[in-house]
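For what it's worth, the working numbering labels the leading residue of the sequence shown as 7, then goes sequentially.
By construction, the Cβ of each residue, glycine as well, lies at the ideal position given by its N, Cα and C atoms.
Everything numeric in this text was worked out from a predicted model, so none of it was measured.
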Amino acid sequence: MNPRTHFRLVVLYVLVAALLLVLVGRLWSLQVLSGTHYRQVAAQNRTRDIVVPAIRGMILDVQGRPLVRNRSALVVSVDRTSLSRQRDHGTSVLRRLAGVLGTSQEEIEKRIRLCGPGIKRPCWPGSPYQPIPVDDRVDPRRALQIMERQEDFPGVTAQVQAVRDYPRPEGAGAAQALGYLQPITQEELDQRKGLKVTGYSGVDLIGRAGLEAQYDADLRGEPGYRKVLVDSQGRVTGTAAEKAPVVGGNLVTSIDAGVQGAAEKALKSAVEGARKQGHKADAGAAVVMDVQTGRMVAMASYPTYDPSIWTGGISQDEYDGLLGKKKGEPLTSRVTQGQFAPGSTFKISSVAAAVKDGYGLNGIYPCPGSYNVGSRAFTNFEGQGHGNMNLHEALVVSCDTIFYKFAYEEWLRDGGMKPKKNPSDPMVGMARSFGFGARTGIDLPSETPGRIPDRAWKRSYWEATRKADCKGAKEGYPSVAKTDPARAAYLRSIASENCTEGFVWRAGDAANFSVGQGDVLVTPLQLARAYAALANGGRLVTPHLGVALMRPDGSLLRRISQRPERRLPVDGKVLKYVRSGLADVTKKGTAAGAFSGFDFDRVDVAGKTGTAEVYGKDDTSWFASFGPVKKPRFAVIAMVSQGGTGASTAAPTVRAIWEAMYGTKDKKPLLKDGKLPSELPRPPADGAAP
């Protein structure tokens, strides 16, 4: 063997030896150093972890009737991740699935595409890594084809799951109060790392509004899991381990389905009736509150919608209808989110403020048809004068000019156009004490605070609008002038005044404030709370819906604590005086016509009409009431936007609700002895509908 050949053999031996050493080292690393890890991976290749969703708890009324429950449904879901790994990205699977479900491939593709800018519904708003439901009302025979032929439908599942059902007991919808569910988004998953995901189930559907959102953690329950054995084709061959899910708690609310249904019916009739009278009635609210505890008995909002529209996906037209103005934005709760000028219903606060500021409770005051506030005449409704009267009579006939006088004189004492350093603004302060201009604290998300305008608000508003006002003062309003020159001239003069002095709290601002007009905005819930405080002797309670959470077997999980209350800074004699005045409103005052023939022996009702003027629109109709007068239990409020006068629309609505609760000669009462149940109900044994 020559030296050259010998050298080549040595190099080959060294190379082979090195390769053998590398192989042995790698084997040692895999089997010794990483042996535990790869044993787990190997085990996972023959097992699958399936999270078992927990059944979401029901939402019940005060008597145990389900407002929201579950129904069993066969749900077909598609895993986008699994489809993306296939050669044709799942096109053939979706084509076969469409044939089985009796739909089009295009429709399924729409349902599994991810929502985003420019993407119309149906689309998937949840996480892209979880199975997406494409049909929740599958015929069992069709579902069986999918389950038995898994090799033809990789990435597709068909399972019996619980989906939300809305039975509407006694006609009660309460859609805005109940809320709805939507899939959890990837962003939310990233924020809630402890939340397991299962697909279309109670685990990854979370509350987006109302009680579903407020008590989401209590209603959801805890998911279980199942570790199953699978073969090389992905077919289940057995179960290795499992843990049962924990059912979510049932939420008992203070809503009475019968009263809720009656309130919704009365409100709908009021809106339709106002339209027949020529008004543009477009929205409304009705509230029934327990004045002693703050429990909400009914919360009706108009227009409303069927919350089952969210179940199984929602089309773009349906989604736009919930949010668009064309159908009245039915997703908005007019009870907690609607803000309207309250009109004369606001006078309970103004009376208390005037008396606290030194005006005699039993004094006699003139009620002319108009009263000059500075150089401007402010008038009563239709300019009617009533002569001299006390404050009791002023509430009964709803005299505005007495309150204009109080407000103007208080404004002058505060310095007028050149206010003193610390102006008292007694009516503003009292309104805030009654809870206006602040959220009530009800256990619902997205409550609006309303608006109580004051000097600080006036300045901030002026700073925000000054540029536009100055432009209008300089250029005028040419587009308006083409059709209405007088209107354009008026707008220009107002803009000029606002441009230079828009930050000033004027006498007119104070006068309008005293009768719930101008820039004052309240929610129907705030007004109900204020009248509850008037009725119960001055306790400003916190409205609430949740009463208790109960286990499926009916045992108590926990009672929902009530938030602390505070007291009105009003003498009890003043509150009693105001109550007596409102008691006569329904018998010989502005609401006497609406309550003609009402059975006051059955339940004595006191109340106050309100007709709020809104520029460019019809008047907002209000009626606020409480009863029984001697031992108040409930406050009942109704409001119809663009519904006309309070006496013509809102007052008859409130009467209908009282008659439903307490009954008439021809109709049984919804409330036994005019009371709500004092004991917790026993929920239905099963959270799923039969």
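Could you spell out where the alpha helix (DSSP H) holding residue i opens and where it closes?
{"i": "Tyr668", "result": "Ala657 to Tyr668"}
{"i": "Ser499", "result": "Pro491 to Glu507"}
{"i": "Asp171", "result": "Asp171 -> not in any alpha helix (DSSP H); beta strand (DSSP E) instead, spanning Val162 to Asp171."}
{"i": "Val28", "result": "Pro9 to Trp34"}
{"i": "Ala641", "result": "Segment Phe640 to Ser647 is the beta strand (DSSP E) holding Ala641; no alpha helix (DSSP H) there."}
{"i": "Ala79", "result": "Not the alpha helix (DSSP H): Ala79 falls in the beta strand (DSSP E), residues Pro72 to Val84."}
{"i": "Met395", "result": "Element bounds for Met395: not the alpha helix (DSSP H) but the beta strand (DSSP E), Gly393 to Met395."}
{"i": "Arg382", "result": "No alpha helix (DSSP H) holds Arg382; the beta strand (DSSP E) holding it covers Arg382 to Thr385."}
{"i": "Pro134", "result": "Pro134 -> no alpha helix (DSSP H), and no H or E assigned at all."}
{"i": "Pro146", "result": "Pro146 to Glu154"}
{"i": "Val553", "result": "Unbroken run through Val553 is the beta strand (DSSP E), Gly552 to Met556; no alpha helix (DSSP H)."}
{"i": "Tyr371", "result": "Unbroken run through Tyr371 is the beta strand (DSSP E), Tyr371 to Cys373; no alpha helix (DSSP H)."}
{"i": "Gln5", "result": "Examination of residue 5 is not possible in this model, given that the chain is present from 7 through 696 alone."}
{"i": "Glu113", "result": "Gln111 to Ile118"}
{"i": "Asp679", "result": "Asp679 -> no alpha helix (DSSP H), and no H or E assigned at all."}
{"i": "Asn518", "result": "Ala513 to Ser520"}
{"i": "Asn542", "result": "Pro530 to Asn542"}
{"i": "Val361", "result": "Lys353 to Lys362"}
{"i": "Arg127", "result": "Arg127 -> no alpha helix (DSSP H), and no H or E assigned at all."}
Ordered along the chain, which non-local residues of its own chain (more than five positions away) have a Cβ less than 6 Å from that of residue i?
{"i": "Pro372", "result": "Asn394"}
{"i": "Asp624", "result": "His285, Lys286 and Gln648"}
{"i": "Arg564", "result": "Leu555"}
{"i": "Ala304", "result": "Val265, Gln266, Ala269 and Val294"}
{"i": "Gly205", "result": "The predicted position of Gly205 is uncertain, since its pLDDT is 44 and thus under 50; a value taken from the coordinates is nonetheless stated next. Contacts found: Ser83, Gln136 and Pro137."}
{"i": "Pro175", "result": "Arg71 and Ala263"}
{"i": "Ser110", "result": "Ala104"}
{"i": "Asn504", "result": "Asp475"}
{"i": "Asp85", "result": "Pro137 and Gly161"}
{"i": "Ala24", "result": "none"}
{"i": "Asp222", "result": "Ile212 and Gly213"}
{"i": "Ala697", "result": "Residue 697 is absent from the structure shown; the chain starts at 7 and stops at 696."}
{"i": "Thr655", "result": "Ala276, Ala280, Ser627, Val646 and Gly649"}
Would you say residue i reaches chain D, if we count a Cβ-Cβ gap shorter than 8 Å as a contact?
{"i": "Ile643", "result": "In the structure shown, chain D does not exist; there is a single protein chain."}
What residues in its chain sit with their C-beta under 7 Å from that of residue i, if we drop five residues either side in the sequence?
{"i": "Ser207", "result": "Caution is warranted here: a pLDDT of 42 is assigned to Ser207, below 50, making its placement in the model unreliable, and the coordinate value is therefore given only provisionally. Excluding sequence neighbours, Ser207 sits near Pro59 and Gln167."}
{"i": "Gly482", "result": "Ala494 and Arg498"}
{"i": "Pro549", "result": "Met295, Gly300, Met302, Thr446, Ile448, Leu531 and Arg535"}
{"i": "Arg382", "result": "Gly514"}
{"i": "Ala653", "result": "Thr596, Ala597, Gly599, Ala600 and Thr615"}
{"i": "Thr191", "result": "Pro131, Gly132 and Ser133"}
{"i": "Gly375", "result": "Thr385, Asn386, Gly389, Gln390 and Gly391"}
{"i": "Tyr496", "result": "none"}
{"i": "Gln151", "result": "Val106"}
{"i": "Leu18", "result": "none"}
Sort the options by Cα distance to residue i and report the nearest one.
{"i": "Ser631", "options": "Asn378, Ala618, Lys637 and Ala612", "result": "Ala612"}
{"i": "Arg71", "options": "Arg14, Pro173 and Thr592", "result": "Pro173"}
{"i": "Val297", "options": "Ala539, Trp664 and Ala598", "result": "Ala539"}
{"i": "Leu551", "options": "Ala24, Asp67 and Phe442", "result": "Asp67"}
{"i": "Leu677", "options": "Arg688, Lys671, Glu685 and Glu665", "result": "Glu665"}
{"i": "Asp607", "options": "Gly587, Val635, Glu619 and Lys411", "result": "Val635"}
{"i": "Lys353", "options": "Pro374, Tyr377, Leu581 and Pro146", "result": "Leu581"}
{"i": "Lys473", "options": "Arg457, Ala462, Ser376 and Ala501", "result": "Ala501"}
{"i": "Val553", "options": "Gln568, Arg101 and Gly560", "result": "Gln568"}
{"i": "Glu115", "options": "Ile61, Leu184, Gly124 and Leu89", "result": "Leu89"}
{"i": "Arg62", "options": "Gly213, Leu21, Pro128 and Val16", "result": "Gly213"}
{"i": "Arg438", "options": "Leu533, Pro484 and Phe509", "result": "Leu533"}
{"i": "Leu682", "options": "Ile261, Ala250, Pro229 and Gln92", "result": "Ile261"}
{"i": "Leu244", "options": "Lys674, Ala250, Pro251 and Leu235", "result": "Residue identity check: residue 244 is Gly in the sequence provided, not Leu. For Gly244, the nearest C-alpha among the options comes from Leu235."}
{"i": "Tyr186", "options": "Gly122, Gly96 and Ile315", "result": "Ile315"}
Provide the residue span of the beta strand (DSSP E) that contains residue i, from first to last.
{"i": "Val140", "result": "Ile138 to Asp141"}
{"i": "Asn378", "result": "Ser376 to Val379"}
{"i": "Ser631", "result": "Thr626 to Gly633"}
{"i": "Ile212", "result": "Leu211 to Gly213"}
{"i": "Pro189", "result": "Leu187 to Pro189"}
{"i": "Leu107", "result": "Looking at the DSSP string, Leu107 is not in any beta strand (DSSP E); the run it does join, the alpha helix (DSSP H), is Thr97 to Leu107."}
Is the segment 317 to 327 close to the segment 360 to 368, with three or more CB pairs under 8 Å?
no
Per the contact definition of three or more C-beta pairs closer than 8 Å, is the segment 395 to 409 in contact with the segment 450 to 457?
Short answer: they don't touch.
Tell me, please, whether the segment 262 to 275 touches the segment 297 to 312 by the rule of three or more beta-carbon pairs shorter than 8 Å.
yes
Could you give the uninterrupted runs of the alpha helix (DSSP H) lying entirely in the segment 253 to 324, keeping only those of 4 residues or more?
263 to 282
With a floor of 4 residues, list each alpha helix (DSSP H) that falls wholly inside the segment 415 to 499, ordered by position along the chain.
432 to 439, 461 to 481 and 484 to 487
Ordered list of alpha helix (DSSP H) runs contained in the segment 562 to 622, each at least 4 residues
578 to 594
Inter-stretch contact (C-beta, 8 Å, three-pair minimum) for the segment 74 to 81 and the segment 159 to 177
With contact defined as three or more Cβ pairs closer than 8 Å, the segment 74 to 81 and the segment 159 to 177 are in contact.
Using 8 Å as the cut-off, can you tell me whether the segment 403 to 421 makes contact with the segment 513 to 521, which would need three or more C-beta pairs spanning the two stretches below that distance?
yes
Touch test, the segment 212 to 225 against the segment 343 to 361, Cβ-Cβ under 8 Å, three pairs minimum
no
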